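Numbering (full-length UniProt numbering), first residue to last: 1 to 446.
Read through the structure below, which is laid out as structure tokens, and then see the notes.
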Amino acid sequence: MDTTTSRMALRAGRWTAGLSRRLGRGEGAIIGGRVTLALDPSALRRLAHRRRVVLVSGTNGKTTTSHLLATLLRTSGSVAHNATGANMSDGAVAALTAAPDAELAVLEVDELHVAAVAEAVDPAVVVLLNLSRDQLDRGNEVRMVAAAISQALRRHPDTCVVANADDPMVVWATGAAARVVWVAAGANWTGDTAGCPACGEALQVADSGSWSCTCGLARPATRWRLHPADDTVLRETAHLDGRTESIRVSLRLPGAFNLGNAALALAAAAELGIDVVAAAGALSSIRHVGGRYRTAVHGPHRLRLLLAKNPAGWAETLPLLEPDAARLLVVNARAADGRDTSWLWDVPFEQLAQHDNIDRGPGLVAVAGEKAHDLGLRLSYANIAHITLADPLIALTALPPGKVDVIANYTAFRSLASRLATTDHDPGGALDLERELQVITGPGLM
1 MDTTTSRMAL
11 RAGRWTAGLS
21 RRLGRGEGAI
31 IGGRVTLALD
41 PSALRRLAHR
51 RRVVLVSGTN
61 GKTTTSHLLA
71 TLLRTSGSVA
81 HNATGANMSD
91 GAVAALTAAP
101 DAELAVLEVD
111 ELHVAAVAEA
121 VDPAVVVLLN
131 LSRDQLDRGN
141 EVRMVAAAIS
151 QALRRHPDTC
161 VVANADDPMV
171 VWATGAAARV
181 VWVAAGANWT
191 GDTAGCPACG
201 EALQVADSGS
211 WSCTCGLARP
221 ATRWRLHPAD
231 DTVLRETAHL
241 DGRTESIRVS
251 LRLPGAFNLG
261 NAALALAAAA
271 ELGIDVVAAA
281 GALSSIRHVG
291 GRYRTAVHGP
301 HRLRLLLAKN
311 PAGWAETLPL
321 LEPDAARLLV
331 VNARAADGRD
341 TSWLWDVPFE
351 QLAQHDNIDR
361 GPGLVAVAGE
371 KAHDLGLRLS
381 YANIAHITLA
391 DPLIALTALP
401 PGKVDVIANY
411 TAFRSLASRL
421 ATTDHDPGGA
431 LDLERELQVI
441 TGPGLM
């Protein structure tokens, strides 16, 4: 395709994205990129030419890790980044179009689209976080997703893969990669890897967290690991003396899993030549990502917003609940969430009983959303007393005044946060969710 047509395709995409914003339909990243690709199918390849591109993929943590990595890379210059969370080819086109002069690019990529995006951009680095069930009616069996990623990595022998050694599915998927940097980023969720992804036999898991199978698949030795007690990431140097370097990470994001995300981001940045010891301090500037972990005031309640979209995500999020906070759990089942809600039965909701605080009286758990009754039934089987009301804001009124931790899945989070952004306030000025909400997008959403 000639350069004139390519330029016209980019202009048409920018114009469409701008129209989407003016009409209040969102940031327009997806629709803008989609128009550009319709007019120039090679647009992504052209835009990625001469850039060093990092792809960040996995079931959970893509958005957070890509933000952490982009922040690290920006300490050395401009970076193209699909910060709106539009994580397919159209979103990648929009991100690269918006930063034409950036030599570095960080692209969050849906795990089902790694092969297509990698084929177009020939990434310098691919970051693989974890692989577990998500949107069962779209993603099918996890091993199939891992196999597709494995095939994609085989086609890019010059790509460095930064991978989580604690996730057996990731290790199996990365087996075809020519060069891998292993990170002990943690994997609390084991519901999808009880059996070896290579042979199906039961995995042997040691108390230390190391795992192996009789077929030979085993947790690899790692160069990067966590030390959560003092918020540091440890890196083994390449010197013959095998020294370990400690990198202080001052994260404002809660949870050990976010320290794991930071370790993966640091490892990827190091592969691109960034002085990560000097750059790590920049991570403290990130207080929230895509509305996650923000606070909002609604009447007598102060809310903290948490996003969890699948069993693994909920299992990581439930331990973050504050003991003196009530809980509002919200679940939808739209296309971007996955229509199948059977995954609710794999979430360890029994943990809610461990967070009980008798000082605030009864009625500390409310469930809401389009699938409130499905969620309520699951809580009943977990012996968790709760109130069920479809509308989240009405359900909120049934909770006692004070702090409320809100956990919602994909579209439920987006809908609730949008309503809060127009009706509530944050005394610290943190609740600017209209822009932040654009990262909570799913397939087919603008």
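For every residue, glycine included, the Cβ atom is placed at its ideal position computed from N, Cα and C.
From a predicted model like this one, the values you see are computed outputs, not experimental measurements.
Check	Outcome
Taking the C-alpha atoms as reference points, what is the distance between G313 and N60?	7 Å
Within 7 Å: the Cβ of L72 and any heavy atom of the ligand HEM?	No copy of the ligand HEM appears in this structure; indeed no ligand is present at all.
Let me know if T5 comes out buried or exposed under the rule of 16 or more other beta-carbons within 10 Å of its beta-carbon.	exposed
In the region 225-278, which residue ranges form an unbroken beta strand (DSSP E) of at least 3 residues, counting only runs that do not cross its ends?	232-236 and 244-248
Quick check: is the beta carbon of L203 nearer than 8 Å to any beta carbon in chain C?	The chain inventory of the structure shown lacks chain C, comprising one protein chain alone.
In this structure, does DSSP put residue 471 in helix, strand or coil?	Any answer about residue 471 is impossible in this case: the structure gives the chain only from 1 up to 446.
Would you call the region 99-113 and the region 64-84 touching, i.e. three or more CB-CB distances under 8 Å?	yes
Quick one: grab the DSSP three-state call for I358.	Note that I358 scores 45 on pLDDT, short of 50, meaning its location in the model is unreliable; the coordinates nonetheless yield the value given after this. Helix at I358.
I need the DSSP call for T295, collapsed to helix, strand or coil.	strand
Helix, strand or coil: how does DSSP classify I407 here?	strand
Could you give the DSSP three-state label for A187: helix, strand or coil?	coil
Is L303 helix, strand or coil by DSSP?	strand
Using DSSP with H/G/I as helix, E/B as strand and the rest coil, what is A68?	In the sequence as displayed, the identity of residue 68 is Leu instead of Ala. Correct three-state label for L68: helix.
Where do the N-terminal and C-terminal ends of the beta strand (DSSP E) with H156 fall, by residue?	Counting along the chain, H156 falls outside any beta strand (DSSP E), and DSSP gives it neither H nor E.
With DSSP run on the structure shown, which of helix, strand or coil describes S132?	coil
Applying the criterion that 16 or more other CB atoms from any shown protein chain within 10 Å of the CB defines a buried residue, is A17 buried or exposed?	buried
Using the C-alpha atoms, what's the distance from V162 back to P362?	Model confidence at P362 stands at a pLDDT of 45, short of 50, so the residue's coordinates are unreliable; what they give is reported in the following sentence. Going by the C-alpha atoms only, they are around 47 Å apart.
Rounded to a whole number of angstroms, what is the C-alpha to C-alpha distance between R223 and A9?	44 Å
Report yes or no: do three or more beta-carbon pairs, one from the region 406-415 and one from the region 302-309, lie closer than 8 Å?	yes
Could you spell out the range, first to last residue, of the beta strand (DSSP E) harbouring E108?	L104 to E108
Compare the C-alpha of E271 against each of R52, R14 and R45 and name the closest.	R52
Examine the Cβ distances between the region 247-254 and the region 196-216 and report whether three or more of them are shorter than 8 Å.	no
Looking only at its chain, what residues have a beta carbon closer than 8 Å to the beta carbon of L234, apart from the 5 residues adjacent to it on each side?	W224, R225, L226, H227, T244, E245, S246 and I247
Could you work out which residue in E350, A385, A390 and L352 is closest to A368 when comparing CA atoms only?	A390
Would you kindly report the start and end of the unbroken alpha helix (DSSP H) that includes S6?	T3 to R22
For L19, count neighbouring Cβ atoms within 10 angstroms of its own Cβ and tell me buried if that reaches 16, exposed if not.	exposed
Identify every residue that forms a DSSP beta bridge with L328.	A366 and V406
In three-state DSSP terms, what is A382?	coil
Just to confirm, is the Cβ distance from H298 to G402 under 8 Å?	no
Please report the straight-line C-alpha distance between L203 and D167, rounded to a whole angstrom.	12 Å
Do L129 and T65 count as a contact pair if the criterion is CB distance below 8 Å?	yes
Rounding to the nearest angstrom, what Cα-Cα distance links R372 and I387 in this structure?	First, the amino acid is wrong: residue 372 is Ala here, not Arg. Spanning the two alpha carbons is a distance of roughly 10 Å.
Considering Cα atoms alone, identify which of S415, N383 and S57 is closest to E370.	S415
Would you mind working out which of A177, V170, L420 and P400 sits nearest C160, comparing C-alpha positions?	A177
Near P392, what residues of its chain come up, given a Cβ to Cβ distance below 7 Å and the 5 sequence neighbours on each side ignored?	L328, V330, A368, G369 and L416
So does the region 260-275 actually touch the region 179-191, counting three or more Cβ pairs closer than 8 Å?	yes
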